[in-house]
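A.B. asks: Protein chains in written order, with this note's numbering: chain X, 333 to 619; chain S, 1456 to 1807; chain C, 142 to 302; chain B, 5 to 281.
Each residue gets a CB set at the ideal place from its N, CA and C atoms; glycine is no exception.
The structure that follows is given in the form of structure tokens.
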Amino acid sequence: MNYTKEIQDIAAKLFAEGKIDVFVGYRVNGFDDNQVPVLITDPQDVSKLVFTDKSVFNLVNYLKNDHTRRKRVGLVVKGCDSRSLNLMLTESQVKRENLYVVGICCEGVVDEAGQKMQNCTDCMVPDAVVSDELLGTPSGSDTLSGSYKMNADIAMLAEKPLTERAAYFEEVFENCIRCNACRHSCPLCYCAKCCIDQETATLYNGANTTSGAFHALMTWSLHLAGRCVDCRNCEKACPSHLPLHLLHKQNESVIYENFQEHLAGVVTGDRGAFYKYSLKDPDDFIM
Amino acid sequence: MSVETFVTDKAGLQKFYEAVMASRETYAPVEKFGKFDFKRVARVTECDPESPIAKTQSIKPLFFPRSAKVMKFVATSAGTDVSETDEDPLAVKRAILGVKHCDARSLQVLDKVYNWDYIDTDYQKRRENTVIISTRCDRADTHCFCTSLDYDVENLDALDVLIVNGSDGKIYIKARTPKGESFLKETVTGQASPVTDEIASPDLKKQYDAFAGSFRLKMDYKEVNAKLSKIFDTPEFENVSGNCVSCNTCAFVCPTCHCFKISDEKVKDTGVRYKSYDSCNNGYFTLMAGGHNPRPVKYRRWRQRAMHKFVYYKERFGENLCVGCGKCTIACPVNISIFEVVNQVSAAGVQE
Amino acid sequence: MEAEVKDQLVSIEKPELIAPPNWEPVIMGILCNWCSYAGSDLTGTSRIQYPPNIRIIRVPCSSRVDPWFLIKSLQTTADGVLVSGCHPGDCHYISGNYFARRRFLVTKKLLNFVGFHENRIQFSWVSAAEGPKFAKVVNKVTEDIKKLGPLHLYKKENFEK
Amino acid sequence: MEQLLVPMICKVDKVIQETPDVKTYRLKFRDEGMMEKFTYLPGQFVEFSLLGSGECTFCIASSATRTGYFDCSIKKAGVVTADIHNSLEEGDEVGIRGPFGNWFPLEDLKGKNLLFVGGGIGLAPLRSLIQYCIDNRNDYKDFTILYGARTSADMCYKEEIKEWQDNKTVNVVLTIDKPEETWTSNVGVVPKILEEVVNPVIENTKVITCGPPIMIKYTILSLKKLGFADPDIITTLEMKMQCGLGKCGRCNIGSTYVCKDGPVFTNEQLKSLPDEF
């Protein structure tokens, strides 16, 4: 998977036509062959752009910050990124007319060690669902009713006895340092005031205790339930390497299995599982 | 002052670690989720004193906890009562194993701010009661640049006991301070034998030279200090901060960042006041109640961060507020390097 | 921390070891204004007895219940939570409880996933006419939680009941 | 440091509703002996904590020459101040740490004409100095107070202003931003009135100004236009603070910590700071 040339050409063309003010893409980070995001405003810099299977970070995150606000933005999105973009469009956070979206038919990205990322091996929506231009060959996978792959970690933990799970998560929450990088690096956490942010939190004012971390991460993951697109930006940002995807994937699997929903952000205009209901939803857990 | 040096081998070093753990409370890097954090340990097998620098959190939380309880309080209609918290668990006699040189140095930098004007007695107590045992790195990591900063890495006196991997599997244990010396008297057992400086020095020097030669990043900090102090208004800050996601994690992992905030947690009538970390990259770090914010946009916050580290702190306390450990770059989701930022900004400022 | 996990372990297997003598659980009952709260009222007026362990909070609709409420109560006073609303189709606001139902399932499964026993988070549909059912529900929840013992997991620090 | 962050308990002696959104709290230490140890000079500030809500920085609005109590004037603006306004009543207890910061250069002011320029809640730190100077009236020459507010209802310390007006040795000029029917005094923003009505003597005069940032900015401009030198213009700054001890790293402008080196600065000092405020 290498679309470096195509993306450079597209960016150069967009700048030449005056269609965008800033182009968000990836560049090689300068000390190894991993890549970091880059915001390009000068047309001469387009030669910096690259796209390979090391282009990991979800660039939709940049649509929520100062550098792109009220500007026309060119943007590269993979399958999962496009789902988060779709949700941001649905939730009126960005204007479609201000965006030029370069969609990728993604074949999966690799982590720093060169291993294919877990969310890519499980991926159900490899092709960008929002795009002005699509690069690569669409995989043609059925995004709406394809078979859901249960996350291996979730399945493994679900089988363990309750006390073992409790002990495992105790460790997770204990190692959280409450920097809130997970919340800030999530493209869908765009709230100006967040209930887990330190200065605006209500019950826990950001003190780093195990119970505070539990509270923050649980509330955060429940706010993202039905919206999380499994791009794993949070996990990449976590300085303690916590397995944050467990919380999100758990919610996703419950939603997928019980409500017969498609994945979050696959359909434009669909706000996620918690904004609708079905009369057939399971009722057996309620007395 | 006679500074004692001992030589031993791998097994002897393990014995030494065991003796340390037997003599006092010991903290060492413990692996959790692929990342090492300093935790209380009782056995050598639980920890890895030679944990890779890129995966190890700083030792700052052992002196300046991520959340310290300031006080407890009871506030009812009948009256208010304030009580100090329980005894500080970090103020006991203790030793820290596997400290990196940069981390040890960070304490020297922090000493300045904590002993300035109002003296932080808790911090001092924790400092006094701690023996820092540091293993010198054998080679530099991708993001390290400690040799480029304003301290002598080879003869660092921020650490009490220095451990160096010499040639032919020899391991040197050397006291660097009087505190370290008396500590070694208690803990070095028959496994290690004393050597004179004449024998040890060449080997130590050789190891240091190999280490110092392995750095990818090199800069002249004096030049950076001088250039940065003149270019407050450069637009380059906007460029370097472009892909920052304002996630704050750099300040939380930084061994020298010392900003904190004070917050109350109250349920019913009782509550606790905490002092916990905060980060200047946070949008509402300086937001005032009336809505005025001196640093409302990202590049201004980055300017504050870079300038505080390399200009303001230098002006005020005579040290750079950076020890070149590269922890922020490793933790950063988009790998922004403070090294690159200051160099890029100071280079751009000069061109204009 | 180890102690906390151990507590949880013991409390699930042998509540009598961990529960102090005469220990009574505290159950947070969050009831919808139109059905369950009226139902609990009817229980009282019909003189049906139910355990006094439940502390009732009235909310306009079961869909008003943010999962955050459950987390907060479990972290402070409560040993268990009961959320009750109108029967499906009876919601005063037409569809509130359908939305709530989805949220409850996800919340319950997530809390269970990170180590809370599923009986600590319970839901029920109780209409305004079902006084006896309300008493039955509270009885069952109280018994379940008595079996589990006091909750120690992730309690807010320094918090005294 | 944790000990330094533990507040002393004060009792609210009196609550005065100054304007719709400003209240003055008169505080006394619960432990009466503390008051003697609590010495402060005009311009210093305290950390005021409503236990359970949080901590805020307020300047002391009264002078140490009026013994036995001290005042804090609080405008409802953020979360904690709203809590204070809503829940704090007479007899309640709050936490106080301080006093912190530097003070107005009292020695430099001796024997000078004084011109106070205040706007809105910015009169609070000036009030401390005004009280101090009135109590030591013989040390100072001419005495002018220019005070502006948005409306006549938004004027703080109405009672005290009357006292000042009755005091023959003090010249008080009041102004509001927009005309009102019952208002007989000046109308217009503070810098305009300063130039048109007050016409201060420039020789041997020190100007002390405080108010909203925008007012300070334009007042300094018109003072410069009138011919005042930078060292003669004194102002007090406001920054978000958490500790007041020079540790929390929040209030710095360049290498200057507002909580330690400020909050009182002369315009000369302000000019040497980076243009961040």
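#1: Determine the direct distance from the alpha carbon of residue 165 of chain B to that of residue 257 of chain B, and round the result to whole angstroms.
#2: Output, in chain order, the set of chain S residues within a Cβ distance shorter than 7 Å of residue 509 of chain X.
#3: How should residue 240 of chain B be labelled, buried or exposed, when 16 other C-beta atoms within 10 angstroms of its C-beta is the threshold for buried?
#4: Can you name the start and end residues of the beta strand (DSSP E) that residue 1567 of chain S belongs to?
#5: Just mark residue 1497 of chain S as buried or exposed, buried being the case when its beta carbon has 16 or more other beta carbons within 10 Å.
#6: Indicate whether residue 229 of chain C and residue 266 of chain C have their beta-carbon atoms separated by less than 8 Å.
#7: Is it true that the segment 574-584 of chain X meets the segment 1787-1798 of chain S, where meeting means three or more beta-carbon pairs spaced less than 8 Å apart?
#8: For residue 38 of chain B, report the span of its alpha helix (DSSP H) as first-last.
#9: Which residues of chain B have a Cβ atom closer than 9 Å to the Cβ of residue 1743 of chain S, listed in chain order?
#10: Evaluate residue 607 of chain X with the Cβ neighbour count: other Cβ atoms within 10 Å of its Cβ, from every protein chain shown; 16 or more gives buried, anything less gives exposed.
#11: Check residue 142 of chain C in the structure and name its three-state DSSP category.
#12: Report the CB separation of residue 260 of chain C from residue 203 of chain C in whole angstroms; it is logged as a contact under 8 Å.
#13: Mapping the DSSP letters down to three states, classify residue 204 of chain C as helix, strand or coil.
#14: Taking 8 Å as the threshold (beta carbon to beta carbon), is residue 1798 of chain S in contact with chain X?
#15: Using 8 Å as the limit for Cβ to Cβ distance, is residue 398 of chain X near chain S?
#16: Would you mind telling me which residues of chain C sit closer than 7 Å to residue 614 of chain X, beta carbon to beta carbon, in chain order?
#17: Enumerated in chain order, which unbroken segments of the beta strand (DSSP E) with a length of 3 residues or greater are wholly contained in the segment 370-451 of chain X?
#18: Residues of the segment 1595-1610 of chain S in Cβ contact with chain X at a cutoff of 9 Å, in chain order, please.
#19: Within the 8 Å Cβ cut-off, does residue 1452 of chain S reach chain B?
#20: Measure the alpha-carbon distance for residue 348 of chain X versus residue 1767 of chain S and round it to whole angstroms.
#21: Would residue 13 of chain B and residue 95 of chain B be called neighbours here (beta carbons separated by less than 8 Å)?
#22: Between residue 1492 of chain S and residue 254 of chain B, what straight-line distance do the alpha-carbon atoms span, to the nearest angstrom?
#23: Using only the alpha-carbon positions, how far apart do residue 302 of chain C and residue 1723 of chain S sit?
#24: What do you reckon, are the CB atoms on residue 1704 of chain S and residue 484 of chain X nearer than 8 Å?
#25: Residue 355 of chain X: which of X:365, X:428 and X:381 sits nearest, CA to CA?
#26: For residue 28 of chain B versus residue 77 of chain B, is the C-beta distance shorter than 8 Å?
#27: What is the C-beta distance between residue 53 of chain B and residue 11 of chain B, in whole angstroms, given that I count them as a contact (C-beta under 8 Å)?
#28: Pick out whichever of B:128, B:126, B:122 and B:146 has its Cα sitting closest to the Cα of residue 113 of chain B.
#29: At the level of alpha carbons, what is the spacing between residue 225 of chain C and residue 1563 of chain S?
#30: According to DSSP, is residue 101 of chain B helix, strand or coil?
#31: Who are the near neighbours of residue 1647 of chain S in its chain, counting only those whose CB is closer than 7 Å to its CB and skipping five residues on each side?
#32: When you compare only the Cα positions, how much space is there between residue 518 of chain X and residue 550 of chain X?
#33: Enumerated in chain order, which unbroken segments of the alpha helix (DSSP H) with a length of 4 residues or greater are wholly contained in the segment 186-241 of chain C?
#34: Using DSSP bridges, identify the partner residues of residue 12 of chain B.
#35: Mind checking which residues open and close the beta strand (DSSP E) that includes residue 207 of chain B?
#36: Please check the pair residue 436 of chain X and residue 467 of chain X, which I expect to be a contact at CB under 8 Å, by giving their CB distance rounded to whole angstroms.
C.D. replies: By the coordinates alone:
#1: 34 Å
#2: 1521 and 1707
#3: Burial of residue 240 of chain B is indicated by the presence of at least 16 other C-beta atoms within 10 angstroms of its C-beta.
#4: Run containing residue 1567 of chain S: none in the beta strand (DSSP E); it sits in the alpha helix (DSSP H), 1556-1569.
#5: So residue 1497 of chain S counts as exposed.
#6: yes
#7: no
#8: 38-41
#9: Within 9 Å Cβ-Cβ: 81, 82, 242, 243 and 244.
#10: exposed
#11: With a pLDDT of 42 at residue 142 of chain C, under the threshold of 50, the modelled position of that residue is not reliable, and no figure is offered here.
#12: About 19 Å separates the two Cβ atoms, so there is no contact after all.
#13: Here residue 204 of chain C sits in helix by DSSP.
#14: no
#15: yes
#16: 246
#17: 405-409 and 431-436
#18: 1597 and 1598
#19: Chain S is shown from 1456 up to 1807; residue 1452 of chain S falls before or after that span and cannot be answered.
#20: 43 Å
#21: no
#22: 27 Å
#23: At residue 302 of chain C the pLDDT is 45, less than 50, meaning the model places this residue with poor confidence and gives no usable figure here.
#24: Going by C-beta atoms, residue 1704 of chain S is not nearer than 8 Å to residue 484 of chain X.
#25: X:381
#26: yes
#27: 5 Å
#28: If you compare the alpha carbons of B:128, B:126, B:122 and B:146 with that of residue 113 of chain B, the shortest gap goes to B:146.
#29: 58 Å
#30: strand
#31: For residue 1647 of chain S, where only same-chain residues beyond five positions count, the Cβ hits under 7 Å are 1461, 1462, 1463, 1467, 1471 and 1628.
#32: 15 Å
#33: Listed in chain order, the complete alpha helix (DSSP H) runs (minimum 4 residues) inside the segment 186-241 of chain C are 208-216.
#34: Answer is B:100.
#35: Here residue 207 of chain B belongs to no beta strand (DSSP E), and DSSP marks it neither H nor E.
#36: In this structure, residue 436 of chain X and residue 467 of chain X form a Cβ contact; the two beta carbons are roughly 5 Å apart against a cut-off of 8 Å.
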